[in-house]
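Residue numbers (the working numbering): 4 to 301.
Using N, Cα and C, we set each Cβ at its ideal position, and we do this for glycine too.
Here's the structure we're looking at; comments come further down.
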Ligand code: HMG
Ligand code: MG
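Listed below in structure tokens is the structure:
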């Protein structure tokens with residue numbers, strides 16, 4: 004494996020909390036984010052400017068973004084599904100937004116009430132405005148392996164959507180195994196299709212761990228040259244519009260894997276463990292990281 008630095012985007016405060024049944028206050032979300040800031044992640048997703056009727060857990064993400072003390076050198080982002088969400092992000096001087104669609108029609112319909120093509124047109128418009136304003140844009144493609152409604156996804160469709168996002172100005176396209184059914188061979192196939200049309204340096208892996216395959220999938224992705232992954236401390240996560248989607252791969256486990264391979268993340272492990280333990284206590288739940296379960300007493 005070449006290139007020894009791996010960029011981690013911590014998505015626990017967004018993907019991790021968006022599906023939680025427990026009521027988490029804005030203060031608790033802020034404290035969680037303050038813990039994440041201490042960890043040395045290069046990128047942190049703060050929340051989502053989505054409709055609070057659709058995802059109440061992400062309400063007031065703009066306020067959260069504004070209140071968070073944001074040191075230089077960390078990319079803080081907000082997920083924006085449409086013009087209204089983008090304007091909310093701009094109003095709080097957000098410097099990076101994430102736009103998100105998928106490679107399967109039913110998922111896009113259920114998630115953002117749109118077709119794939121309409122979502123791409125909508126996001127091209129947002130990406131153009133972002134460019135004018137000097138705001139970075141990251142893109143997500145969900146359901147890269149399977150869709151909970153449409154079944155297996157055609158890898159060529161993933162590559163098609165990913166290239167559209169890249170061409171409209173996304174500096175990175177994060178590939179989401181939304182329901183975690185991917186296995187290394189299927190992930191490799193998707194990545195090969197995508198890296199035929201986009202530089203591999205612009206691809207990130209976003210793997211949910213529903214079937215316990217995420218670490219194996221990251222390993223396979225590293226082999227193909229990927230050096231950017233999304234993860235959630237304590238293995239938080241899930242998508243409200245993907246039944247059966249459980250947590251993201253736990254950041255603690257990813258760091259353990261990467262260090263074991265001699266790769267660097269720049270992450271402060273003590274701070275990362277504190278962040279995971281804090282949010283697990285708030286949720287009243289065992290930390291889902293296997294590393295934490297093996298090494299830390301409750
Ligand atoms: P819609 O109902 O079609 O929207 O939803 P609309 O434009 O018809 O508006 C309906 C109402 O929502 C109006 O309010 C709007 O003002 C309001 P009303 O007049 O009824 O009072 N509204 C908004 N409010 C706040 N912020 C906004 C906003 N937009 C409209 N931005 C919409 C369309 C996109 C809004 C909705 O479908 C939505 O919010 N979806 C978000 C779903 C979501 O957050 N999913 C999880 C994130 S994606 C994910 O987890 C996958 C990922 O992790 C990768 C992977 O794992 O694969 C990224
Ligand atoms: Mg996700």
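Simplified DSSP state of residue i, which is helix, strand or coil
i, result
"residue 107", "coil"
"residue 50", "strand"
"residue 67", "helix"
"residue 158", "helix"
"residue 289", "coil"
"residue 112", "helix"
Element boundaries [alpha helix (DSSP H), containing residue i]
i, result
"residue 128", "119-136"
"residue 30", "29-40"
"residue 277", "272-286"
"residue 262", "254-263"
"residue 298", "293-298"
Unbroken beta strand (DSSP E) run spanning residue i, endpoints
i, result
"residue 139", "139-145"
"residue 178", "175-180"
"residue 89", "Unbroken run through residue 89 is the alpha helix (DSSP H), 86-94; no beta strand (DSSP E)."
"residue 78", "78-82"
"residue 12", "10-13"
Bridge partners - residue i, DSSP secondary structure assignment
i, result
"residue 168", "Looking at the DSSP assignment, residue 168 forms no beta bridge with any residue, so it has no partner."
"residue 150", "154"
"residue 251", "211"
"residue 100", "81, 140"
"residue 60", "Answer by DSSP bridge pairing: none, since residue 60 is not bridged."
"residue 21", "Answer by DSSP bridge pairing: none, since residue 21 is not bridged."
7 Å Cβ cutoff, residue i in contact with chain B
i, result
"residue 275", "Here there is only one protein chain, and chain B is not present."
Integer Cβ distance of residue i from residue j, believed to fall under 8 Å
i, j, result
"residue 175", "residue 207", "5 Å"
"residue 19", "residue 271", "At roughly 19 Å, the Cβ-Cβ gap does not stay under 8 Å, so residue 19 and residue 271 are not in contact."
"residue 12", "residue 233", "5 Å"
"residue 279", "residue 236", "4 Å"
"residue 119", "residue 164", "7 Å"
"residue 180", "residue 220", "7 Å"
"residue 84", "residue 53", "5 Å"
"residue 222", "residue 260", "7 Å"
"residue 16", "residue 32", "6 Å"
"residue 239", "residue 251", "7 Å"
"residue 45", "residue 10", "5 Å"
"residue 151", "residue 246", "5 Å"
"residue 225", "residue 23", "Contact doesn't hold; Cβ gap of about 30 Å is too wide."
"residue 177", "residue 143", "5 Å"
"residue 167", "residue 78", "22 Å between Cβ atoms; not a contact."
Taking only runs that begin and end inside the region 186-248, name each unbroken beta strand (DSSP E) of 3 or more residues, in chain order. List check, beta strand (DSSP E) in window: 206-210, 231-234.
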